[in-house]
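Down below is the structure, laid out as structure tokens.
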Amino acid sequence: MAMPGWPSPLSPIPQKASPMRIAQIAPLFESVPPKRYGGTERVVHWLTEELVAMGHDVTLFATGDSVTSARLVPIREQAARFVPNFERNNAPYARMLELVRRRAHEFDVLHFHIDFHPFSLFSRQPTPFLTTLHGRLDQDWVPDIYDLFPEVPLVSVSNAQRRPMPHLNWAATVLHGMPPDLLRPLPVDRHDYFAFLGRISPEKGIESAIRIAAAAGAKLKVAAKIGEEDARYYRDVVAPLLHGGPSGDSPVEFLGEIDDAGKPGLLSGARALLFPIDWPEPFGLVMIEAMACGCPVIAFGRGSVPEVIEDGVTGYVVDSVAAAVAACGRVDALDRAAVRRRFEQRWISGRMAGDYVAIYERLIGHAALRLAGE
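According to our numbering, numbering within the sequence shown proceeds without interruption in unit steps and concludes at 403.
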């Protein structure tokens with residue numbers, strides 16, 4: 030149940046005609062947008078740019094190396110994903126929260142993308158705020174903090190993300206969207222390999238992807254980041270698979286980490302993107318990136334996958350390596366032009382921004398009603 034003053038998910042949406050003053054508060058692990066790999070910061074960038082294009086007055090609190098059409102408030106000079114000293118890593122977040130609080134009266138709404146960090150401080154001030162949760166909620170530490178703030182308005186990025194904590198004050202689910210022209214299909218002579226795009230880690234399913242491609246008798250191109258936290262896993266488990274063991278003969282081509290400029294070529298030439306995740310991923314951006322290039326997706330049905338992939342239209346949702354291998358045999362029958370059309374209908378950033386504007390209007394309207402009643 031929502032606290033008085035905060036809207037419930039079913040509250041009517043009061044309309045606000047004039048442009049809004051919006052603060053977007055981003056994580057500090059990567060720049061906005063990230064130079065290469067990075068999910069949350071990429072979504073924040075797409076949302077911010079759409080809101081500016083819609084005529085809203087947007088201020089972005091992020092790292093100083095971010096690039097934005099909004100007004101940028103730099104919190105730390107450059108992005109720093111892993112800082113070994115705990116205090117040094119967390120001090121910028123404490124600084125950011127205080128800087129936002131000091132300026133909160135300048136905004137109509139505050140939109141956080143930094144998990145639970147703003148809950149305590151910003152529940153004690155009058156400017157309406159919301160938090161989009163980008164991570165998983167099925168870990169054992171989550172209830173201890175989130176259950177302290179049952180009234181805070183939250184946005185999920187898939188309905189699957191909510192399942193471990195359905196009782197929280199969910200304002201909406203807003204599925205991600207990306208700019209329609211960022212990635213487009215390229216003309217290719219043939220589709221003769223499968224693709225894996227993202228990050229080398231156990232939960233992303235790189236081992237399964239290699240097994241699927243091998244069983245399907247096809248080449249696999251891997252474009253993925255190797256983070257510091259996964260360096261040992263790559264060295265001990267993945268590298269031997271990539272390099273084909275002692276013979277060095279492998280059907281896997283490792284391309285390393287690629288940027289947006291490299292994605293259309295990789296995905297346009299692929300028969301399908303393999304997405305055999307081994308965790309309840311709240312939203313996998315690579316799925317809609319593939320669809321933007323007309324590339325079908327073969328994915329394990331975990332997390333948001335059934336909400337994103339339309340089975341038999343934009344790919345196949347499967348439950349095992351064997352089922353994925355079988356799907357590889359029929360993926361060529363899917364209409365790649367139809368895959369791109371479904372992307373344009375469902376997964377563009379303008380739709381995402383419109384969904385958020387509706388939530389902002391509802392929050393602002395209820396805040397105004399609360400003040401009028403005081």
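All residues carry an ideal CB built from backbone N, CA and C; glycine is no exception. As the structure is a prediction and not an experimental result, all values here were calculated from the model.
Beta-bridge pairing of residue i - partner residues as DSSP gives them
i: ALA91; result: PRO103
i: TYR345; result: ILE327
i: GLY227; result: ALA253
i: VAL184; result: THR161, ALA201
i: TYR222; result: LYS248, ALA299
i: GLU282; result: LYS250
i: HIS140; result: GLN53, LEU159
i: ASP364; result: According to DSSP, which records beta bridges pairwise, ASP364 is partnered with nothing at all.
i: PHE304; result: ALA328
i: MET207; result: ILE377
i: ASP259; result: Answer is none; ASP259 lacks a bridge partner.
i: ASP86; result: ARG50
i: ASP340; result: GLY344
Nonlocal neighbours in the same chain, by C-beta distance under 8 Å from residue i, ignoring five residues either side
i: GLY330; result: VAL346, VAL347, ASP348
i: GLU236; result: VAL266, VAL267, LEU270
i: GLY84; result: PRO48
Distance CB(residue i)-CB(residue j) smaller than 9 Å
i: CYS357; j: ALA247; result: yes
i: ALA413; j: LEU76; result: Outside the modelled stretch of the chain, which goes from 30 to 403, sits residue 413, for which no answer is possible.
i: TYR66; j: GLU286; result: yes
i: ASP159; j: ILE377; result: According to the sequence as given, residue 159 is Leu; it is not Asp. No, the Cβ-Cβ distance between LEU159 and ILE377 is not below 9 Å.
i: GLY298; j: ASP221; result: yes
i: THR156; j: VAL184; result: no
i: ALA21; j: GLU79; result: For residue 21 there is no data in the structure shown, the boundaries of the chain being 30 and 403.
i: LEU177; j: LYS250; result: no
i: VAL334; j: MET316; result: yes
i: ARG300; j: VAL337; result: no
i: VAL281; j: ALA242; result: yes
i: GLY313; j: ILE327; result: no
i: ARG380; j: GLY206; result: yes
i: PHE225; j: ALA244; result: no
i: PRO293; j: VAL350; result: no
i: ALA109; j: ASN118; result: yes
i: ASP86; j: ARG132; result: no
Close Cβ partners of residue i (< 7 Å) along its chain, the five nearest in sequence each way excluded
i: GLY274; result: The predicted model places GLY274 with a pLDDT of 43, which falls under 50 and marks its position as unreliable; any figure quoted below should be read in that light. There are no such residues.
i: ALA352; result: none
i: SER95; result: SER60, VAL61, LEU89, LEU101
i: GLU339; result: ARG371
i: GLN107; result: THR92, GLY93, ASP94
i: GLY164; result: ASP144, PRO311
i: LEU392; result: PRO36, VAL138, PRO157, LEU159, PRO182
i: LEU126; result: HIS146, PRO147, LEU150
i: VAL129; result: ALA52, ILE54, PHE90, LEU139
i: ARG124; result: ILE104
Sequence-distant residues of its chain with Cβ nearer than 6 Å to residue i (five each side left out)
i: ILE174; result: PHE145
i: ASP259; result: ILE229, SER230
i: PRO193; result: LEU166, ASP167
i: ALA355; result: none
i: PHE151; result: PHE158
i: ALA82; result: none
i: PRO103; result: GLY93
i: GLN190; result: PRO311
i: VAL386; result: none
Exposed unless 16 or more other CB atoms sit within 10 angstroms - verdict on residue i
i: SER149; result: exposed
i: ALA268; result: exposed
i: ARG153; result: exposed
i: SER187; result: buried
i: ALA303; result: According to the sequence as given, residue 303 is Leu; it is not Ala. By the 10 Å Cβ count, LEU303 comes out buried.
i: LEU398; result: exposed
i: ALA401; result: exposed
i: PRO147; result: buried
i: ARG369; result: buried
i: GLN374; result: exposed
i: ARG264; result: exposed
i: ARG240; result: buried
i: GLY68; result: buried
i: ALA2; result: Only positions 30 to 403 of the chain appear in the structure, and residue 2 is not among them; the question remains open.
i: LEU39; result: Residue placement at LEU39 is poorly supported in this model, since its pLDDT is 37, which falls under 50; the coordinates still yield a value, given next. Exposed, by the Cβ-count rule.
- [ ] Report yes or no: do the region 135-147 and the region 48-57 share at least 3 C-beta pairs separated by less than 8 Å?
- [x] yes
Open item on the list: Can you confirm whether the region 62-70 touches the region 129-136 when touching is taken to mean that 3 or more C-beta pairs between the two stretches lie within less than 8 Å?
Closed with: no
- [ ] Report yes or no: do three or more beta-carbon pairs, one from the region 365-378 and one from the region 197-216, lie closer than 8 Å?
- [x] yes
Open item on the list: Does the region 301-309 come into contact with the region 195-204, if we say contact requires no fewer than three beta-carbon pairs (one atom in each stretch) closer than 8 Å?
Closed with: no
TODO: Assess, as a yes-or-no matter, whether the region 249-257 is touched by the region 225-240 under the definition of 3 or more beta carbon pairs within less than 8 Å.
DONE: yes
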